[in-house]
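Please read the structure below before turning to the comments.
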Amino acid sequence: MALAPPSPQFVLRGSQSAVNTLHFSCRSKAHSPPLLFSGSLGGLIHVWNLETRRVDTTLDGHAGQSVYWVKTLEGQHLLLSQGRDLKLCLWDLAEGRNAPVDSLSLDSVGFCKGSVLTEGTQGCWLLAVPGKDMDEVQVLDMPSKTSVCTLKPEAGAKVGMPMCLELWKPASSSGPLLLAGYEDGSVILWDVSERSVLSRLACHEEPVMSLDFDSGRARGVSGSSEKVLCVWSLDEQQNLKVCRTQELTNPGIADVAIRPDGKILATAGWDHRIRLFGWKQLKPLAVLDYHSAAVHCVAFSDPGRPGEQLLAGGSKDQRISVWSVYNQT
Amino acid sequence: MAVFDSPQEAFGILRPVCIQLTKTQTVENVERLQSKLHVVSDSALQDLQEYVLFPLRFALKTPGTKRESLVQSIVECITFVLSTTCIKKQDLLQELFSELCLCLSSPNSQQSAPVSEELKLAVVQGLHTLMHSAYGDIILSLYQPCTLPHLGFAISLLLTLAEQEKSKQIKTSALKCLQVLLLQCDCQDHPKLLDDIETKQLGDLLASFLPGISTALTRIITGDFKQGHVIIISALKVFYKTVGFIMADEQLARIPKDKEKPSVEHRIAELMVHRDANWVKNTGDKLAALIEKIVEFVSVHPHWKARMELIELVQDLLMKCRQSLLKSVGHLLKVLVGLVNDENPDVQCRCNNVLKNFADQRIVVESRALTDILSENLHSLATALPRLMSSQDDQGKYSTLLLLLGYLKLLGPKVNFVLHSVAHLHRLSKALIQVLELDVTDVKIVEERRWGPDGLAESSSSLSEPPLFKSKSQRKYFRFFTDERIFLLLREICRMLGYYGDLYLLVDHFTELYNESVIYRKQAAMILNELIAGAAGIEVEVLHETNSRASAEELKEIITSILEEYISQKNWYLVTSNEAEGNREELTMKHSDLQTITSGVHTCHLVPLPSSSELSPIVCSMNSNIWQICIQLEGIGCFAHALGIEFRLLLMSALYPVLEKAGDKTLLISQVATGTMVDICHACAYDSPRDLINHNADYLVNEISLNLHQMSLSSHTPIVLEIMFQNSDAGLLPLVEDVIQDVLFSLDQFHDERAASFLSVLRTVLAALARWFPEAKDDKQLQEQNFRKEKYDLHQGSATLGKGFAFTTPAEEIEQFLLDYLRNKDVADGNVSDADNEEEQPLPPETEMNDVCPDVEASLPVQTQIAKDVMERCIHLLSDKDLKTRLKVLDVLELCVTVLQSHENQLLPMVHRAWLPLVHRLTNDDPLAVLRAFKVLCTLGNKCGDFLRNRFCKDILPKLAVSLATQAPVSARAGPVYSHTLAFKLQLAVLQGLGSLCKKLDLGGGDLNKVADACLIYLSAKQPMKLQEAARSVFLHLMKVDPDTTWFILNELHCPLLYEPPHPSLHPVSLSGMAKPRTEYTDNVLLLLAELQG
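Going line by line, the protein sequences match chains A and B.
To convert, note that position 199 of the first sequence is 199 in UniProt numbering; the numbers rise steadily by one, no gaps.
To convert, note that position 418 of the second sequence is 418 in UniProt numbering; the numbers rise steadily by one, no gaps.
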């Protein structure tokens, strides 16, 4: 097993400040090239053309304030971006437009990224964002911006601020569910329609930095600022249970991402490294050592043709490394 | 001359001569008759035709031997009559015909009579005229079954003449006459066209003679090479007219199955043939043999008109007799195929037209039979090709390949029938690969090296006027042929294959061969390149448009896969020189440096490879590798042209490898790679290679950075980085920032093995930074300069004051002068508590060091940060054990100082730290290092000024002075060779630099004295001129710093004037140089004093 560590397929340079968040958009339209969106500390959103490996467009809508979440809505030209200027911008990128069409004021000053759930009906989607009160999560119906509910843990819970959110809808259940990681290291499963806590799992000592959930296997993973990666599962009674923890060499997980095919888990480490695990057994597969500063985010491309799934990591060193790993299955 | 119009008058005139001729048959009488005929009008003669002809025919028929001259004149006379009249009676025509023929027959043998050439000519012309003078249908009376024997006789007579005579004139006339006799005359005198039935009858009749005519004509055509093209042309014409008439598909189609009942007597009927299917087949077979002979002979005939006529033959026969001559179609097409690339443009053009004509009429592509024949021919050619390629000489190869090309052109898209047969594809590719084998024995290609980075910089800047795409190709030498035309032909063949053939199949096949063996690799790559060019339609002449060509998308896919193959590790990084990277370079570098130092002549750099035969296999394989890379590079250029602007996307992977090779040490590779870059520029619409690199720096940076992370592969990376920096502008900086950090990181990790190459990268980086940010000389610097200038002016003022005081002596001025003097003296002694100088006082370096806190660093411009980081490394590497590394470090250090000059807060602490190792370089190191270090010192003095003053005076000046002093007697004694030694160079550099250094460092009295003392000896006339000059320059600088002291020092050595004190109360001035005789120093001192006074 003395394989040389792989090197990135290519590296995107030119974001000119630390990269906070990444999002792939590879299967939108037949004629448009695969894109990678990146949000940077400098407040710019770069749209990378993965064919030419160059910036196609630069979007400036957060008044120079750090952008920490970008997300496209599938099948549409809509792009969401969340910035430290307490705004969530909605961009329409069709026909090369590059100005925000709408924006939503946020009340939270935290770093909690939003989460989106596309409903069945065309054009309607749910958005979860941190709410006005410190421990609140607000769920909105978009694009009407009407508030669906506010999820607030009971008074004595002392979970602190929400740190990361994941909206999803199980095949069996009727209502959408929300997974939220909190400052005190616990993960709470919310029933959005009932506005009730279904389960609470205290899996970390430190704030939960990031979580991802594989709804197919009903398993999720969370990373915190400590040395441990925690994998938990959800049973039929909607209870969260820790099923395994993984000790890491260095503390600090900024981001976790499960590949859409459910085979690989990637973590972004403060130790400058991206780590890959087999998602099933959490078997450590590789350490991708390229960056020269903390890695802030990892993202997998939406499954295009098999064998062409990309992994991207964005780092404080202002580079985005793009990897093609474990593709030949 | 009077003309007699009426028959009566004419009769009156002609009658006497006719009677006389009848009575006595002499030449004179015939001539007399002929002369009279001239004065008779045509119409009158027509009336008297038979009358006039009678005596002439009578004379011919008279039994007994006649004199030839008489016969000849009679024939000529008859010819004359016939030429102006026409024959309206069948029997007259027949009689005249046989009478004329008889003139040439000897009564007792089959052979033509041994008569004179003149007579033969006359008879042939007579016959010719006779045929033309027959009126209307009359002529057909000659072509009846019953006249068959006569006709046969005449035909054989003419053929014999054409074949056996010596005279060209007779031969051609006979052939022309034969053509007329066969009713195939192409002159305008035959208005009446035969109707179908007549045509058929005539065909039936003449068919009897076809075997004879065709064989005889073939003999004529394929006879003597020297017989001249005119005869061949005529014979060819008769041949194809005859064959084309008798074998015409149109006629044959209407031949009834059964033979008609003969209407003539039995003997004659036996002569007649019936052109039924059987006959057609037999005749066709026999003709095929003849046609093959003719084609083979004439298609290589040296005269183009003969070849041209052959094309006519092919055209005529293919148009008329495709079915009847089925067996010959192959041969006939082969002619076109072979001649389509004829060296004569007219032939080529005509052939092309004919082919186009066939193509237009869909004769080839549509008609299965012809396609079959063509592919069959191509099949057999492909089969024979490997054998032919190895056995034929250049000319033979040329014509074989021409033929191949022709088939490809003619078959067009149908060529795939042949390609889809595995066996034939193998044959074809084997032949191509075999014949394209390169000659790799040339040692020069391996030996020729590119030197230094300058060469590339030059070439890439000169490429702003890019050469033409076509001229780029480096001449290749092949093992199996020398003719350049063959190579061009092969290229065209490959392109044609690429254009028409199944590209996927071909590319697959040749890629397989490419990977199969090193032996095939170069040829396969060459073929692949041309296939792609052909598929893209570059310089392809085509007959058929094809719609089965690869689409742009497919082409791109194919090119991407070939490109991947080309630049893969195993095919791109081949051994091209027998030295370990850097090792030998170092050696030769040293070698050449030493040479420069010792001899001063920049002689040959080459350390020739041991040129013995035992090494040649290695040389061959290196040569082969070099060619391999070159071909692949050419391929990349070719792909760029094939894809055009679309290729830009492939630059992502292609540009880096090309640049790598552009920096290769092997001259040829580097040249070809540069050519490839030009190609890419043309194809992708970049103005110049510089533009290309500049626009794609991000792709390059990506590759470079990835390679730096994988140290094992990156031996070429520094080169590419260097080239990129040489060709880019400041816009590159944000992109490469992290790469430079990578370099520094790698340097830290691997400074043992790779220091040399990384240092050269760093030098390039800093040189680029210095070039990109020349504005580094900011306001502060300028202010400081102004300030110094003022100060300098002040000094100047005091100096002039000092000189002037001898004449005007107000007491205050003297007082002022003394005060100034005292203060200057203070300054010079290093006692700098003066308020004036306080602002210039450098802070103690320790506090500076502490000043550099992280947040200040963050705000530094990128270039400054880089320079600082690099300088940091330089400080460490200054004491490297390898001399070459030290030299490079010194270079880099100098550049760092230049870049950092405007950031004193960064620069000074770094200089402080660099000082100690630098002093070591200056004081005890190899002379080369001392030389380089002194240069750095000069730059440092320039940029840091008085920050260094104390250090310089303390650490360096004493040793410098000592070394100058000890070296002086050596140089004074030395001969002319001395100026080539390192010692001399060192002296010179020190003397040249010292002056301005003193000025920049603002040295004071005591130190200036030291400098002056050390340099004074060099004012001696015994020193080499250059050193004297340099020493003078030191003093010129000193004058600017402290004119008075300098004046004094010079005068101490030699004083040309006597100074009278202006007042008796003052002591007389006494200088030790006064009243001295002329010494070795006199000249230079006088020069300098003159300068000082002026």
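Think of the CB as a built atom: it goes at the ideal place given N, C-alpha and C, for glycine as much as any other residue.
Model, not experiment: these values are computed from the prediction.
Query, Result
"When N327/A, K71/A and S196/A are compared against L310/A, the one with the closest alpha-carbon", "N327/A"
"First through last residue of the beta strand (DSSP E) which encompasses K241/A", "L240 to E247"
"Nearest-angstrom Cβ-Cβ length linking L285/A and V256/A, presumed shorter than 8 Å", "The pair is not a contact, with the Cβ atoms about 14 Å apart (cut-off 8 Å)."
"Within chain B, the residues that F10/A reaches when beta carbons sit closer than 7 Å", "N702"
"N- and C-terminal bounds of the alpha helix (DSSP H) containing I562/B", "A552 to Y566"
"W915/B in three-state terms, based on DSSP", "helix"
"Three-state secondary structure (DSSP) of D5/B", "coil"
"Inter-residue spacing [alpha-carbon to alpha-carbon] between A776/B and S66/A", "Bear in mind that the predicted position of A776/B carries a pLDDT of just 48, short of 50, making it too unreliable to give a figure here."
"Proximal residues, the stretch 32-55 of chain A versus chain B, C-beta separation under 9 Å", "E51, T52, R53 and R54"
"Extent of the continuous alpha helix (DSSP H) to which T1045/B belongs", "P1043 to L1053"
"Segment contact flag, the stretch 328-340 of chain B with the stretch 245-254 of chain B, C-beta cutoff 8 Å, min 3 pairs", "no"
"Residues of its chain near residue 1109/B, where Cβ-Cβ distance is below 7 Å and the 5 sequence neighbours each way are ignored", "Missing from the structure shown is residue 1109/B; chain B here goes from 1 to 1094 and no further."
"Selected residue, minimal CA-CA separation from D372/B, among I562/B, V418/B and N352/B", "V418/B"
"P927/B - containing alpha helix (DSSP H), residue span", "P927 to C944"
"With 16 other Cβ atoms within 10 Å as the buried cut-off, status of L587/B", "With a pLDDT of only 36 at L587/B, under the threshold of 50, the placement of this residue in the model should not be trusted; the figure read from the coordinates follows. Classification of L587/B: exposed, given that the 10 Å Cβ count is below 16."
"Whole-angstrom distance between V862/B and R273/A, CA atom to CA atom", "25 Å"
"Closer than 9 Å at the beta carbon, the chain B residues around S115/A", "Correct list: empty, because the minimum Cβ distance to chain B is about 33 Å."
"Inter-residue spacing [alpha-carbon to alpha-carbon] between L878/B and M1039/B", "35 Å"
"Beta-carbon proximity check, P718/B vs V761/B, cutoff 7 Å", "yes"
"L1057/B classed as buried or exposed, judged by whether at least 16 other C-beta atoms fall within 10 angstroms", "exposed"
"C-beta atoms of I74/B and L60/B nearer than 7 Å", "yes"
"Whole-Å CB distance - P1003/B paired with V1011/B, under 8 Å assumed", "The residue asked about is misnamed: residue 1003/B is Leu in this sequence, not Pro. That pair is a contact at about 7 Å."
"Cβ contact (3+ pairs, closer than 8 Å) linking the stretch 423-436 of chain B and the stretch 644-658 of chain B", "no"
"Whole runs of the beta strand (DSSP E) within the stretch 283-361 of chain B, excluding any shorter than 3 residues", "none"
"Contact with chain A by L735/B, beta-carbon distance below 7 Å", "yes"
"Under 7 Å between C-beta atoms of H204/A and S224/A", "yes"
"Positions along the stretch 262-295 of chain A whose CB lies within less than 9 Å of some CB in chain B", "D289, Y290 and S292"
"Local conformation of Q628/B per DSSP, three classes", "helix"
"CB contact below 7 Å: S66/A versus chain B", "no"
"Where residue 1152/B sits in the DSSP three-state scheme", "Since the first residue shown for chain B is 1 and the last is 1094, residue 1152/B is missing from the structure and cannot be characterised."
"Contact set between the UniProt repeat \"WD\" (201-242) of chain A and chain B, restricted to residues whose Cβ is under 9 Å from the partner", "none"
"Inside the stretch 42-111 of chain A only - beta strand (DSSP E) runs reaching at least 3 residues", "44-49, 54-60, 67-72, 78-83, 87-92 and 100-105"
"7 Å Cβ cutoff, S321/A in contact with chain B", "no"
"Burial state of S390/B, where buried means 16 or more other Cβ atoms lie within 10 Å", "exposed"
"Chain-ordered residues of the stretch 642-655 of chain B with a beta carbon less than 9 Å from chain A", "R648, L649 and M652"
"Chain D contact residues for L706/B, given Cβ-Cβ distances below 8 Å", "Absence of chain D from the displayed structure is noted, the protein chains being A and B."
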